[in-house]
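What follows is one structure encoded as structure tokens, with my remarks underneath.
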Amino acid sequence: MTEAYQSIGYDVEISYLPGRRSLAMGNSGLLAGEAGRTIKYQAIYPNMVLVEPSYVSIDWHLFVIDESLASADTINLETLRLGVLRGVLYTTKLTENMNPIFANSVDQLFNLLLLRRVDAVIFSGFTGDIVLASTLKKSVILKRKTPLSSEKIYHYLEPEYAILAPLISASLQQMLDSGKVKEIIEEHQVPRDAK
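Residues 1 to 195 (this note's numbering) are what the sequence shown spells out, left to right.
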């Protein structure tokens, strides 16, 4: 996202905030926008300005310790104790009637799994791979290869910055067309054997 803004002459700072805090701050005008939200965000916060196109998709995976869960053809989520990150709309909705255990941070989420307080964690495959490769290198945590689902990710702006939407939109489209977005993603991709 920073590259998209730089191409139109703006330097931006991306702040990584816990989901719930990010939602509250983004909708209250304390932030200029949200860098990574699904289309569902628009229905919840209709005042925010959707910037198209989607520039990336998020694959939701199960992270487990039990090898039989990692390799099973199918899994009934309702039979598992699931860990989810508080404030993440997708996982909150997915586990609505399942009594999930909520974590306040990514570290806490994966520690629930390591301590076997949950059977599985639902998390972004891309970000989960980074966590496993950086802070949990020697852990026994496995990512199921098949994602639970995939969702397109969009950028949203506060209404006062709506004038930037067509400029950012064009910049993102150019980055997609040129392969720059793919290149950026690949730079941050973690090899499966990095653990």
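The beta carbon of each residue, even a glycine, is placed where N, CA and C say it ideally should be.
Mapping DSSP to helix, strand and coil, what is residue i?
i    : result
K143 : strand
A35  : strand
K182 : helix
A194 : Its pLDDT being 42, under 50, A194 is placed unreliably by the model, and the measurement read from it follows with that caveat. Here A194 sits in helix by DSSP.
E151 : strand
I44  : helix
V131 : helix
Y90  : helix
D73  : coil
S15  : coil
S124 : strand
Of the choices the options, whose alpha-carbon is the least far from that of residue i?
i    : options              : result
L115 : A4, K182, D66        : D66
K145 : A103, G128, H155, Y5 : G128
E158 : N97, Y41, S134       : Y41
G125 : N104, S105, L148     : L148
A170 : Y55, A32, S28, G36   : Y55
H61  : N47, L77, P46, V49   : L77
Confirm, please, whether the CB-CB distance from residue j to residue i is below 7 Å.
i    : j    : result
E151 : I58  : yes
K182 : F63  : no
L82  : T92  : no
E34  : Y161 : no
I101 : V118 : yes
Please report the distance separating the alpha-carbon of residue i from that of residue j.
i    : j    : result
L164 : G87  : 27 Å
Y16  : S71  : 32 Å
I52  : R21  : For the record, residue 52 in the displayed sequence is Glu; it is not Ile. C-alpha separation (whole angstroms): 24 Å.
I8   : I168 : 7 Å
I141 : Y90  : 22 Å
S139 : L132 : 8 Å
I39  : S68  : 34 Å
L112 : V84  : 10 Å
Measuring only from the beta carbon, is residue i closer than 6 Å to any heavy atom that is part of the ligand MG?
i   : result
V12 : With respect to the ligand MG, the structure shown offers nothing to examine, as it has no ligands at all.
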